[in-house]
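Novice: So the protein sequences, as listed, match chains A and B.
If you read the first sequence in the numbering used here, its first letter stands for residue 1, the second for the next number, and so on.
If you read the second sequence in the numbering used here, its first letter stands for residue 1001, the second for the next number, and so on.
The beta-carbon is built from N, C-alpha and C at its ideal position, and this holds for glycine as well.
Please read these numbers as outputs of a predicted model, since none were measured by experiment.
This structure is in structure tokens; I'll ask about it shortly.
Protein chains: 2
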Amino acid sequence: MSDNTQEYLVQVHTTTTQNTIVTPLEEVVTPLDNTSSKNVSGEGRKVVSEKKKIVGVFYKGNEYAKLNPDFVGCVEGALGIREWLESQGHQYIVTDDKEGPDSELERNLPDAHVVISTPFHPAYVTAERIKKAKNLELLLTAGIGSDHIDLKAASAAGITVAEVTGSNVVSVAEDELMRILILIKNFLARVPSVCLMGNGMLLALLTELMILKARPVGTVGAGRIWKLFTPKVETFSTVIFCILIELGWILDWRKRLEQILRRTLMPCFQSVMLLLSTRLLLSRQGGLFDKDKISKCKKGVLIVNNARGAIMDTQAVADACSNGHVAGYSGDVWFPQPAPKDHPWRYMPNHAMTPHVSGTTIDAQLRYGGGVKGMLDRHFRGEGFPEQKYMVKEGQLASQYR
Amino acid sequence: MSDNTQEYLVQVHTTTTQNTIVTPLEEVVTPLDNTSSKNVSGEGRKVVSEKKKIVGVFYKGNEYAKLNPDFVGCVEGALGIREWLESQGHQYIVTDDKEGPDSELERNLPDAHVVISTPFHPAYVTAERIKKAKNLELLLTAGIGSDHIDLKAASAAGITVAEVTGSNVVSVAEDELMRILILIKNFLARVPSVCLMGNGMLLALLTELMILKARPVGTVGAGRIWKLFTPKVETFSTVIFCILIELGWILDWRKRLEQILRRTLMPCFQSVMLLLSTRLLLSRQGGLFDKDKISKCKKGVLIVNNARGAIMDTQAVADACSNGHVAGYSGDVWFPQPAPKDHPWRYMPNHAMTPHVSGTTIDAQLRYGGGVKGMLDRHFRGEGFPEQKYMVKEGQLASQYR
């Protein structure tokens, strides 16, 4: 222990002298990009000089857009790639107007070559819209999660769909640990009494105020977020149940884990807490966690879902929170997004829901902005992407979606 | 990595078979108790058969008291020691009524031998009250933090003051990490938009949504909570500045760290985030973090304080949160407690304050209930306590308070 102390003290001096914070982005982004040259697609190679029309659909930043030059995820920030695109002669339309046939998105679809969208203000790219977009070659998701795109329709139309894999993993892993602590410590129930002065609510929560230490945490999915999340949770001495594997790039794990899936799935639902950190399930199994599966969880289970809202059966979650079988539900993903005013999760008890922003921290915006730039650059030069960035490639759904 | 996976899978089977969660309490409590026999006080040894009057002051559980048999921290739960005390012929008065000369506490003071109080519903034991308590031998704090007791008056009156050291450390360390994440991710600002539907507030916070990864965390204090907290924060790759040592039981560290205090104190205030995890400062330095010290922190600093409210200059914190110098302040300690309706921290912007409960989770209640029982048992038998449990011993303030 005294050796550790020594180490911190050394760090004090180093850091305060430099007065800079090094955020090692490269460990997430670079390993992917390094492999890109090996994944050049032979077919569909485009001429470098061809001018493209790119349509980006993001949320509006309004008066906040100028507060931070790194706030590139909004319409005004336009991912920080407008100057670069226009200097090459490409046309770049950016809008937040995405609903209905008169929307700016839909008016620009017929001659668009590339559409960039985000999970945070999703432009739903339906089969109908794909039919209208005669020139569309590429659908890029600035972030992770392309369930707003009809992947089958895109693949039938020969459109490539790709994501900036890995851009949100740090943000989301941190967000998930925060949500587990918030649920287990009933944080939101503690806040109002600061303003309300009473302590009735406070007493109610004191009867069940717990610690995370030594409680089992089960995860569904074991991808990049899981890799970052696991060492954090382990410092609480909890047990991780890993019951489904997510990403193709850890194929060697997948096989082994899928073998034990059948044996461990049901025991895991008996555990005190269930964490979902996968986006894979959606495409195969929307509403995977239905009334039946939730009823098999132990009473008092806490559920954190930063994966995709549609993984859950909406009404089953609301009912289980209301009758107390689920003691707390937290996440920032909804279906659809933004959630309609009458979405039951807005009104159910024991929830700690927020709008979908966990993967759009400033650092994540810079990552997915830079990722989109790099992928567009490759696309313009007729090069392919690293395999794991594809959702649809050459008319084929990516292997994890089949 | 695959070795780790293997391990989890083994754990799945072990844990689900046993279907129990082992909370290793002993690592916190036992090491202290093991040393007790070496700390027997030679003087003041009492006859075992003497009957005592014990007064406990806790918060009321009301209709919630019966919901959980382990909810022993409330008046109704009475620390779970009523049967044991009464079976030995002692009188045990338990109340939440603690304010003013007509309160049940004050009416029972003149012939009380022992008063047990908690930091969560503090019975302020003033010099005046100590004068009234002619028979008082022992003031026990069920929990950590005895700043509600006038330690100098107690020592002048020859009254022993002791705490259940270590009872809250797991709960508080977890709570502090949660608060850091809540501040850095602006969690509370994200919640209302779920109900309010608008996204104006959401955009405002998106301009500054950060990750904890690689950001420096400075701590003031390096006691038991720090020991549990440090490995958790380290999984976020942050840097720990340890600038003041807390507890007497790690004396060997103290000397070394105090030597560097002068050199590192000011650089630490320049760090992005400052975490306070000490209760020591209060007795020597109420209002230690005043306008001057806060102004020396880097603009945008986040402050988490689960130590004691009085460590901070109340108005200086409110002003700094209002003018944006402090970007976020969170904690659950106030001065005084409960906080009056006009306490500025209730109304300042950028706060994530809650009432004081982090150290009274169910597991902590069982720990401090058990700790009080053990200490009373020793007191009745005329035995002393482990050194670090004393605030006042034989008319002397404990070394860390001198």
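Would you tell me roughly how many angstroms separate the C-alpha atoms of LYS1227(B) and ALA1307(B), rounded to the nearest one?
Specialist: Cα to Cα, the separation comes out at about 15 Å.
Novice: So, are the CB atoms of VAL125(A) and ASP96(A) less than 8 Å apart?
Specialist: Against a cut-off of 8 Å, the Cβ pair of ASP96(A) and VAL125(A) comes out as no contact.
Novice: Output yes or no for whether 8 Å exceeds the beta carbon distance between THR118(A) and GLY100(A).
Specialist: It is not a contact, given that the beta carbons lie outside the stated cut-off.
Novice: Evaluate PRO1122(B) with the Cβ neighbour count: other Cβ atoms within 10 Å of its Cβ, from every protein chain shown; 16 or more gives buried, anything less gives exposed.
Specialist: Buried is the call here.
Novice: Going by beta-carbon coordinates alone, are ALA1112(B) and VAL1094(B) separated by less than 8 Å?
Specialist: No, the Cβ-Cβ distance between ALA1112(B) and VAL1094(B) is not below 8 Å.
Novice: For the segment 179–189 of chain A against the segment 362–374 of chain A, are there 3 or more C-beta pairs whose distance is under 8 Å?
Specialist: Contact fails: fewer than three Cβ-Cβ distances are below 8 Å.
Novice: Where does GLY124(A) sit, in a helix, a strand or coil, going by DSSP?
Specialist: A small fix is needed here, since residue 124(A) is Tyr in this sequence, not Gly. Coil at TYR124(A), not helix or strand.
Novice: Around the Cβ of ASN1168(B), are there at least 16 other Cβ atoms within 10 angstroms (buried) or fewer (exposed)?
Specialist: The residue in question, ASN1168(B), is buried, as its Cβ has 16 or more Cβ neighbours within 10 Å.
Novice: Enumerate, from N- to C-terminal direction, the unbroken beta strand (DSSP E) stretches of 3 or more residues contained entirely within the segment 1288–1357 of chain B.
Specialist: Runs of the beta strand (DSSP E) inside the segment 1288–1357 of chain B: 1301–1305, 1326–1331, 1351–1353.
Novice: Count the C-beta pairs between the segment 347–360 of chain A and the segment 328–338 of chain A that are closer than 8 Å, then say yes if the count reaches three, no if not.
Specialist: Flag = yes, the segment 347–360 of chain A and the segment 328–338 of chain A touch.
Novice: What first and last residue would you give for the beta strand (DSSP E) that runs through TYR92(A)?
Specialist: Unbroken beta strand (DSSP E) run through TYR92(A): 91–95.
Novice: When the Cα atoms are used, what is the spatial distance from ARG1107(B) to GLU1128(B)?
Specialist: Rounded to the nearest angstrom, the two C-alpha atoms are 13 Å apart.
Novice: Report the neighbours of GLU1174(B) on chain A: residues whose CB is nearer than 9 Å to its CB, in chain order.
Specialist: Chain A residues near GLU1174(B): LEU181, ILE184, LYS185, ILE211, LEU212, LYS213, PHE236.
Novice: What's the call for GLU63(A), buried or exposed, on a 16-neighbour Cβ count within 10 Å?
Specialist: Per the 10 Å Cβ criterion, exposed.
Novice: Verify whether the separation of the beta carbon atoms of ILE1149(B) and TYR1092(B) is less than 8 Å.
Specialist: Taking 8 Å as the Cβ cut-off, ILE1149(B) and TYR1092(B) do not qualify as a contacting pair.
Novice: Can you tell me where the beta strand (DSSP E) holding THR118(A) begins and where it ends?
Specialist: THR118(A) -> no beta strand (DSSP E), and no H or E assigned at all.
Novice: Report, in whole angstroms, the separation of the C-beta atoms of ALA154(A) and ILE116(A), which I expect to be a contact under 8 Å.
Specialist: Rounded, the Cβ-Cβ distance is 14 Å, inconsistent with contact.
Novice: Report the neighbours of MET1178(B) on chain A: residues whose CB is nearer than 8 Å to its CB, in chain order.
Specialist: Neighbours of MET1178(B) on chain A, chain order: MET178, LEU181, ILE182, LYS185, PHE187.
Novice: Please name the residue in LYS1066(B), LYS1051(B), ILE1225(B), GLY1061(B) whose C-alpha comes closest to that of GLN1088(B).
Specialist: If we check each option's Cα against that of GLN1088(B), LYS1051(B) comes out closest.
Novice: My guess is that LEU140(A) and VAL172(A) are in contact by the Cβ rule of under 8 Å, so how many angstroms apart are they, rounded?
Specialist: The pair is not a contact, with the Cβ atoms about 19 Å apart (cut-off 8 Å).
Novice: VAL317(A) and VAL326(A) - do their beta-carbons sit closer together than 8 Å?
Specialist: Yes, these two residues count as a Cβ contact at 8 Å.
Novice: Going by CA-CA distance only, name the one from SER330(A), GLU234(A), HIS90(A) that's closest to ASP377(A).
Specialist: When each option's Cα is compared against that of ASP377(A), the closest is HIS90(A).
Novice: Is the distance from the Cβ of THR1160(B) to the Cβ of LEU1138(B) below 8 Å?
Specialist: Against a cut-off of 8 Å, the Cβ pair of LEU1138(B) and THR1160(B) comes out as a contact.
Novice: Should VAL1424(B) be flagged as near chain A, meaning a C-beta pair shorter than 8 Å?
Specialist: Because chain B here runs from 1001 to 1402, residue 1424(B) falls outside it and cannot be looked at.
Novice: Give me the DSSP bridge partner(s) of GLU1163(B).
Specialist: BP columns for GLU1163(B) point to THR1141(B).
Novice: For GLY1359(B), count neighbouring Cβ atoms within 10 angstroms of its own Cβ and tell me buried if that reaches 16, exposed if not.
Specialist: Label assigned to GLY1359(B): buried.
Novice: If I follow the unbroken alpha helix (DSSP H) through LYS1232(B), where does it start and stop?
Specialist: Counting along the chain, the alpha helix (DSSP H) containing LYS1232(B) begins and ends at 1224–1234.
Novice: Considering only the alpha carbon of each residue, which of TRP84(A), VAL75(A), ARG82(A) lies closest to GLU104(A)?
Specialist: Out of TRP84(A), VAL75(A), ARG82(A), VAL75(A) has the C-alpha closest to the C-alpha of GLU104(A).
Novice: With DSSP as the reference, label LYS1393(B) as helix, strand or coil.
Specialist: Note: LYS1393(B) maps to strand in three-state DSSP.
Novice: For the beta strand (DSSP E) containing LYS1052(B), list its first residue and its last residue.
Specialist: Taken as a continuous stretch (DSSP letters only), LYS1052(B) belongs to no beta strand (DSSP E), as it is neither H nor E.
Novice: For VAL75(A), does the three-state DSSP call read helix, strand or coil?
Specialist: Residue state, collapsed to three classes: coil.
Novice: ILE211(A) by DSSP, collapsed to three states: which one?
Specialist: The answer is coil: DSSP assigns ILE211(A) none of H, G, I, E or B.
Novice: Of all the options LYS1134(B), ASN1186(B), GLU1083(B), which has the alpha carbon lying nearest to the alpha carbon of SER1330(B)?
Specialist: Closest by alpha carbon: ASN1186(B).
Novice: What do you reckon, are the CB atoms on PHE1236(B) and LEU1209(B) nearer than 8 Å?
Specialist: No, the Cβ-Cβ distance between PHE1236(B) and LEU1209(B) is not below 8 Å.
Novice: Ends of the alpha helix (DSSP H) at GLY369(A)?
Specialist: From DSSP, the alpha helix (DSSP H) with GLY369(A) extends over 362–380.
Novice: Put GLU26(A) into one of helix, strand or coil per three-state DSSP.
Specialist: With a pLDDT of only 30 at GLU26(A), under the threshold of 50, the placement of this residue in the model should not be trusted; the figure read from the coordinates follows. In this structure, GLU26(A) counts as helix in the three-state DSSP scheme.
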